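From first to last, the protein sequence lines are chains A and B. For the first sequence, the working numbering assigns the number 49 to the initial residue and increments by one for each residue that follows. For the second sequence, the working numbering assigns the number 49 to the initial residue and increments by one for each residue that follows. Ideal Cβ positions, reconstructed from N, Cα and C, are used throughout, including at glycine. These numbers were taken from a predicted model, which means no experiment stands behind them. Right, one structure below, let's go through it.
There are 2 protein chains.
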Amino acid sequence: MAAATADDLVDQLRHRGVRITAPRRAVVEALVEVGSHVTAETLHARVQARHPDVSHSSIYRTLDLLTELGIVTHVHLGHGPAEFHLADDEHSHVVCNGCGAVLEIDCAVTDPFARAVDDRFGFQLDLRHFALTGWCRRCRPGGGSS
Amino acid sequence: MAAATADDLVDQLRHRGVRITAPRRAVVEALVEVGSHVTAETLHARVQARHPDVSHSSIYRTLDLLTELGIVTHVHLGHGPAEFHLADDEHSHVVCNGCGAVLEIDCAVTDPFARAVDDRFGFQLDLRHFALTGWCRRCRPGGGSS
DNA sequence: CGCGTGTTGAGAACAGGTTGCAGGTGGCTA
DNA sequence: TAGCCACCTGCAACCTGTTCTCAACACGCG
């Protein structure tokens with residue numbers, strides 16, 4: 049687990065030939081601060097709190113850049129907007145259709161399934177990019193029967 | 049496998065107290081015709097081929113109604129728009145991030161995984177509403193290593 | 001410090017989807 | 001068969017999330 053600081057990441061960017069600008073630094077800092085997934089909008093708000101001039105297109109462009117470099121990934125949690133997070137955190141997400149609760153599940157749980165699909169269909173699942181959906185204990189219909 | 053005809057479905061609607069109108073009938077007919085999943089836009093095009101006056105809001109409203117009645121469900125295949133299909137066809141979808149190919153996989157394959165998640169987290173997965181994504185044999189990166 | 005190129009901000013464009021409204025129509029009733 | 005009214009429709013405006021355009025700006029090499 050890397051748990052890189054914002055400075056580490058900015059250094060890494062610089063060494064890879066990426067020009068360091070205020071918006072980019074701000075986005076990286078905000079991502080490190082939140083630690084888990086955020087929407088572009090939330091990230092924008094956080095960045096603007098300190099850098100009011102940063103536009104939302106810069107947020108998207110920077111996230112795009114960081115994604116290309118493998119530093120950031122995004123996940124789609126159900127119907128809402130995409131959520132971005134640092135790429136050093138490898139797990140799948142499960143979202144409750146009822147209350148919206150998000151459960152993070154480890155690859156250990158999903159791996160056997162992914163392997164089964166690979167064996168049977170030659171298809172390599174990526175269960176991290178799209179959340180799985182369903183019903184949590186409290187919201188599930190019926191309560192277990194049905 | 050029901051394989052209901054459009055007339056069957058329209059009758060079913062009428063008996064459930066739903067007013068039968070030209071747009072509604074047209075949507076049901078188009079859904080039965082295509083047999084598999086379609087986007088709202090494609091459905092709109094098909095319906096308009098015979099009923100040029102039907103607006104896209106009627107398509108969405110009718111799909112919404114049919115969804116509420118359990119006759120139609122929709123599935124999100126990756127980043128694109130939602131795809132609708134008759135609800136009598138219960139399987140999960142797997143979409144290739146590379147070529148967009150869609151694989152339909154049977155519940156038999158997904159059930160053990162769903163059960164594992166339920167046992168461990170008390171979370172009842174619904175793997176039919178959102179497609180799983182990944183890489184098909186041809187598009188997978190590397191080819192099996194990595 | 002000066003310059004060139006990559007980056008930025010502002011806002012418009014875009015895509016998918018939803019909603020409000022005024023007028024039209026299905027199907028019950030007589 | 002005609003009349004009525006609640007429900008349904010078409011239209012167009014709206015909304016959200018994301019991408020694009022373009023002139024102005026600023027990073028960082030020399």
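- In this structure, the straight-line span from the alpha carbon of R186(B) to that of L113(B) is close to 39 Å.
- The beta carbon of S105(B) is closer than 7 Å to none in its chain, skipping five residues each way along the sequence.
- Of the residues assessed, C144(B) falls on the buried side of the cut-off, its CB having 16 or more other CB atoms within 10 angstroms.
- Residue state for I153(B) is assigned as strand, using DSSP reduced to three classes.
- For I107(B) and T121(B), the gap between their C-alpha atoms comes out near 14 Å.
- Looking at the DSSP output, F132(B) shares a beta bridge with V86(B), H122(B).
- In chain A, no part has a C-beta under 7 Å from the C-beta of H92(B); the shortest such distance is about 21 Å.
- Under the 10 Å beta carbon count, H85(A) is surrounded by 16 or more other beta carbons and is classified as buried.
- Between F171(A) and G170(B), the C-beta spacing is not below 8 Å.
- Cα atoms of E131(B) and D59(A): separation of roughly 44 Å, rounded to the nearest angstrom.
- Collapsing the DSSP output to three states places S105(B) in a helix.
- The C-alpha of L173(B) lies about 26 Å from the C-alpha of G146(B).
- At least 8 Å separates the CB of T115(A) from every CB of chain B.
- Comparing alpha carbon positions, the residue from A135(A), T87(A), R176(A) closest to I153(A) is R176(A).
- Shown here for L125(A): same chain residues with a beta carbon closer than 7 Å to its own, the five before and five after excluded, namely E131, H141, V143, V150, A179 in chain order.
- For R188(A), the chain B residues whose C-beta falls within less than 7 Å of its own C-beta are Q172, listed in chain order.
- Judged by DSSP secondary structure, H139(A) falls within the beta strand (DSSP E) whose first and last residues are 139-144.
- In the DSSP assignment, L175(A) falls outside any alpha helix (DSSP H) and carries neither an H nor an E.
- Sixteen is the threshold: since fewer than 16 other Cβ atoms of the shown chains lie within 10 Å of the Cβ of A156(B), the residue is exposed.
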